[in-house]
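Student: Residue numbers (the UniProt record's numbering): 1 to 291. Virtual Cβ for every residue (Gly too), placed ideally from N, Cα, C. Provided herewith is a single structure, encoded as structure tokens, for subsequent inquiry.
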């Protein structure tokens with residue numbers, strides 16, 4: 001019995017030793033930076049000299065720039081994620097039919113993923129410049145040229161880039177989920193006289209909920225990454241319609257106002273956690289998937 005206890009204790013120590021590098025890395029690169037960021041959000045001055053409590057939060061929440069950045073970010077998420085989800089699902093359902101050229105179409109969808117962001121921005125800039133191809137077409141039609149990235153149209157330019165760049169990956173994920181649904185379920189439903197709408201509602205939609213949940217989370221993450229395109233096309237101070245939270249963070253970093261930067265980072269983290277929790281609750285409640 002003592003030998004078994006000694007072996008069990010040695011096995012536990014071995015497990016702790018193997019997990020130690022991961023735990024140490026998590027502590028050094030995640031937990032400590034998060035703790036320091038939270039501390040800086042409660043202080044004022046270089047190195048957190050003066051403790052001010054929640055005054056920084058009250059100040060940041062009252063500033064027009066933060067409210068503008070947060071509003072634009074929420075608007076982009078609220079419009080972009082449902083839009084890309086609907087388009088991706090429609091394309092995945094179409095590709096499931098396996099028509100001629102399906103493989104080629106899949107490769108075309110994945111092409112934007114392998115193109116560097118800088119390359120995409122350069123091409124878009126050529127088309128959308130004041131003397132670019134799109135404005136030349138508008139002038140040929142007798143219309144006035146548009147300064148795309150200096151007007152509210154900039155928001156929709158970024159939305160189109162977001163959908164175009166990330167749609168292919170979502171389609172592949174959704175198509176994999178669709179292919180995992182047993183064909184027998186569809187055959188039984190058709191034998192019972194179910195139409196396409198009923199098949200989708202009672203078979204496809206319920207069984208696709210875990211995959212859709214994952215795609216939504218990935219789409220939210222990719223929506224935050226759209227800051228890259230916004231920064232490369234619009235610079236540090238873009239049009240107000242595409243001034244996102246990442247712009248606010250970056251500008252405060254450049255201005256060395258680390259307290260405000262820390263507050264915005266904590267609020268962004270909290271917002272993302274709330275969003276993921278809501279999505280998870282919608283996907284699963286009491287062990288049962290629900291919409």
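So, using beta-carbon positions, are residue 106 and residue 95 closer together than 9 Å?
Tutor: Yes, Cβ-Cβ distance for residue 106 and residue 95 is below 9 Å.
Student: By Cβ distance below 7 Å, which residues in the same chain neighbour residue 251 in space, the five residues on each side in sequence not counted?
Tutor: Excluding positions up to five away in sequence, the list reads 236.
Student: Could you check how far apart the C-beta atoms of residue 171 and residue 109 are, in whole angstroms? I think they sit under 8 Å.
Tutor: 5 Å between Cβ atoms; contact.
Student: Can you tell me whether residue 50 is helix, strand or coil according to DSSP?
Tutor: Strand at residue 50.
Student: Check residue 44 in the structure and name its three-state DSSP category.
Tutor: Three-state DSSP puts residue 44 in a strand.
Student: What would DSSP say about residue 247, mapped onto helix, strand or coil?
Tutor: Residue state, collapsed to three classes: helix.
Student: Quick check on this structure: which residue in 160, 133, 16 has the alpha carbon closest to the alpha carbon of residue 87?
Tutor: Nearest option by C-alpha distance: 160.
Student: For residue 263, collect the residues of the same chain with a Cβ closer than 7 Å to its Cβ; drop the 5 residues on either side in sequence, then sort them by chain order.
Tutor: The answer, listed in chain order, is 41, 56, 57, 60.
Student: Quick check: residue 144 and residue 239, are their CB atoms within less than 9 Å of each other?
Tutor: Contact: no.
Student: Could you tell me if residue 255 is buried or exposed, where buried requires 16 or more neighbouring beta carbons within 10 angstroms of its beta carbon?
Tutor: Burial call: exposed.
Student: Apart from the five residues just before and just after residue 186, which ones in its own chain have a Cβ nearer than 7 Å to its Cβ?
Tutor: So the qualifying residues of the chain are 199, 203.
Student: From which residue to which residue does the alpha helix (DSSP H) around residue 206 run?
Tutor: Per DSSP, residue 206 belongs to the alpha helix (DSSP H) from 205 to 225.
Student: Tell me whether residue 168 is buried or exposed, calling it buried when 16 or more other Cβ atoms sit within 10 Å of its Cβ.
Tutor: Buried, since its Cβ has 16 or more Cβ neighbours within 10 Å.
Student: Measuring only the C-alpha atoms, how far is residue 126 from residue 233?
Tutor: Distance between the alpha carbons of residue 126 and residue 233 is about 11 Å.
Student: Of the choices 229, 69, 79, whose alpha-carbon is the least far from that of residue 122?
Tutor: Looking at the Cα atoms, 229 is the closest of the given residues.
Student: Can you name, in chain order, every residue of its own chain whose Cβ lies under 6 Å from the Cβ of residue 222, other than the five neighbours on each side?
Tutor: Correct list, in chain order: 166.
Student: What would DSSP say about residue 146, mapped onto helix, strand or coil?
Tutor: Coil at residue 146, not helix or strand.
Student: On the criterion of 16 or more Cβ atoms from any shown chain inside 10 Å, does residue 197 qualify as buried, or is it exposed?
Tutor: So residue 197 ends up on the exposed side.
Student: I need the DSSP call for residue 287, collapsed to helix, strand or coil.
Tutor: With a pLDDT of only 44 at residue 287, under 50, the local geometry of the prediction cannot be trusted, and no value is derived from it.
Student: Closer than 8 Å by C-beta to residue 292: which residues in its own chain qualify, once you throw out the five before and the five after it? Chain order, please.
Tutor: Coverage of the chain is limited to positions 1 through 291, which leaves residue 292 absent and any answer about it impossible.
Student: With residue 226 and residue 43 assumed to form a contact (beta carbons below 8 Å), what rounded beta-carbon distance in angstroms separates them?
Tutor: With a Cβ gap of about 32 Å, residue 226 and residue 43 do not count as contacting.
Student: Would you say residue 197 lies against chain B (beta-carbon separation less than 9 Å)?
Tutor: Of the protein chains in the structure, only one exists, and it is not chain B.
Student: Please tell me whether residue 157 and residue 124 are closer than 9 Å, where the distance is taken between their beta carbons.
Tutor: Cβ atoms of residue 157 and residue 124: closer than 9 Å.
Student: In chain order, what residues of the same chain have a beta carbon less than 7 Å from the beta carbon of residue 134, not counting five sequence neighbours either side?
Tutor: So the list reads 127, 128, once near-sequence residues are dropped.
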